[in-house]
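Residue numbers for the sequence shown follow our numbering, so the first one is 42 and each next one is one higher.
Here is the structure we will look at.
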Amino acid sequence: MRKKGFALLLSAALLAACRSVPYTGRRHLVLVSLEQEESMGAQAYEETLKKSQLSDDSKRVEMIRRVGNRLAEAADRPDFDWEFALIKDDKTVNAWCLPGGKVAFYTGILPVTQDEEGVAVVMGHEIAHAIARHGAERMSQGLLAQFGGTALSLVLARQPAAVQDIYARAYGLGVTVGVLLPYSRKQESEADRIGLILMAKAGYEPEQAIGFWGRMGQLSEKKRGGGEPSPLERYLGTHPSDEQRQENIRKWLPEAMRHYRPARIPRGARLTSRKTVSICNKTSTRLPTGRYGLRVAPRVKYGILIASRGRGKNG
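Now the structure itself:
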């Protein structure tokens with residue numbers, strides 16, 4: 042009866058600790074409080090910055106912050122204390138977002154991102170990890186695995202040491218391959234999916250993610266010397282393959298585009314009324330057209346003059 046009561050109590054506690062991931066609705070176990078998670082994130086971020094050299098490239102730093110602010114607004118987490126840092130390390134191709142909105146980019150990944158939208162692909166993915174609380178989920182899985190290992194030790198207490206060692210090794214491999222690694226791949230795919238939505242909400246084109254992961258695939262292949270990863274490497278890998286990611290992204294694009302909001306007109310941009318454009322077009326001293334003419338953005342009273350493909354009358 043005691044065992045049954047304990048099992049029921051444990052089941053109730055685990056059920057109460059279940060949460061839903063934003064956008065995907067997946068239910069997952071979170072045994073760590075948001076306050077604990079954010080405190081650990083802030084501490085780790087501070088320690089990392091202390092031992093790192095920050096980039097002094099003002100244009101790159103401003104781009105990271107600009108993309109970060111747009112994605113932070115799209116993430117809709119005002120409780121996060123957002124910070125964005127660019128770490129000068131050309132050998133590290135990485136970026137991350139810790140719980141609470143602490144984001145770091147390494148200069149080594151910028152040649153792969155290439156531009157602002159490439160940065161948005163990576164940052165959207167990393168922010169998705171944070172708002173989905175994947176870190177807390179991983180810690181919770183570790184706690185459960187530790188609990189299971191302790192229970193197994195108690196069961197095998199009277200067995201010979203050699204038998205205990207065999208079971209312990211089998212248990213460790215089973216937990217890693219059967220639970221922790223697949224969950225890591227699931228989390229990575231989930232972050233890709235949520236990241237696309239955040240990109241779209243922030244005004245970036247989510248289809249740019251396909252090109253980015255293609256470039257990442259080329260970089261990975263170059264590091265392997267052109268060889269293909271073995272089936273075992275693919276199976277034990279904690280991340281989906283770049284090819285799988287591109288395939289998933291194509292599948293998720295329609296969902297992401299439902300959230301797409303074109304970027305706002307930047308502050309200080311010169312606005313021109315439709316009436317003024319009409320007057321310019323009617324005068325004999327027309328603006329030079331050539332291959333790219335000028336037209337006002339459609340369906341708006343005021344818009345930025347944008348290049349219009351196609352030759353003008355004078356071109």
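Yeah, the Cβ is synthetic: ideal placement off N, Cα and C, and Gly gets one too.
Helix, strand or coil for residue 125? Go by DSSP, reduced to three states. Residue 125 carries a strand assignment under DSSP once its states are collapsed to helix, strand and coil.
Contact belief for residue 256 with residue 153 at Cβ below 8 angstroms, rounded distance in angstroms: Indeed they touch by this definition, with Cβ atoms about 5 angstroms apart.
Is residue 300 helix, strand or coil when you go by DSSP? In this structure, residue 300 counts as coil in the three-state DSSP scheme.
Would you report the Cα separation of residue 38 and residue 86, rounded to the nearest angstrom? Since the first residue of the chain shown is 42 and the last is 356, residue 38 is not available in this structure.
Just list the residues that DSSP pairs residue 146 with in beta bridges. BP columns for residue 146 point to 127, 136.
Whole angstroms are fine: how far does the CA of residue 90 sit from the CA of residue 181? As the crow flies, the alpha-carbon of residue 181 is around 27 angstroms from that of residue 90.
Residues bridged to residue 174 by DSSP? Note: residue 174 sits in no beta bridge, so no partner.
Could you check whether residue 172 and residue 118 sit closer than 7 angstroms to each other, using their CB atoms as the reference points? Between residue 118 and residue 172, the CB-CB gap stays under 7 angstroms.
Residue closest to residue 285, alpha-carbon to alpha-carbon, out of 143, 240, 235, 251: Taking only the C-alpha atoms, the option nearest residue 285 is 251.
Are residue 162 and residue 136 closer than 7 angstroms when you measure CB to CB? It is not a contact, given that the beta carbons lie outside the stated cut-off.
Tell me the residue span of the beta strand (DSSP E) that contains residue 61. Note, residue 61: beta strand (DSSP E), 59 to 61.
Out of curiosity, what's the CA-to-CA distance linking residue 149 and residue 105? Roughly 14 angstroms between the two C-alpha positions.
Give the single residue among 60, 122, 64 whose Cα lies nearest to the Cα of residue 297. When each option's Cα is compared against that of residue 297, the closest is 64.
List the endpoints of the continuous beta strand (DSSP E) containing residue 70. Run containing residue 70: 68 to 70, per the beta strand (DSSP E) assignment.
Within 10 angstroms of its Cβ, does residue 326 collect 16 or more other Cβ (buried), or is it exposed? Unreliable positioning characterises residue 326 in this predicted model, as indicated by a pLDDT of 41, which lies under 50. The coordinate reading is nonetheless provided below. The residue in question, residue 326, is exposed, as its Cβ has fewer than 16 Cβ neighbours within 10 Å.
Mark residue 66 as exposed unless 16 or more other C-beta atoms lie within 10 angstroms of its C-beta, in which case mark it buried. With fewer than 16 other Cβ atoms from the protein chains shown falling within 10 Å of its own Cβ, residue 66 counts as exposed.
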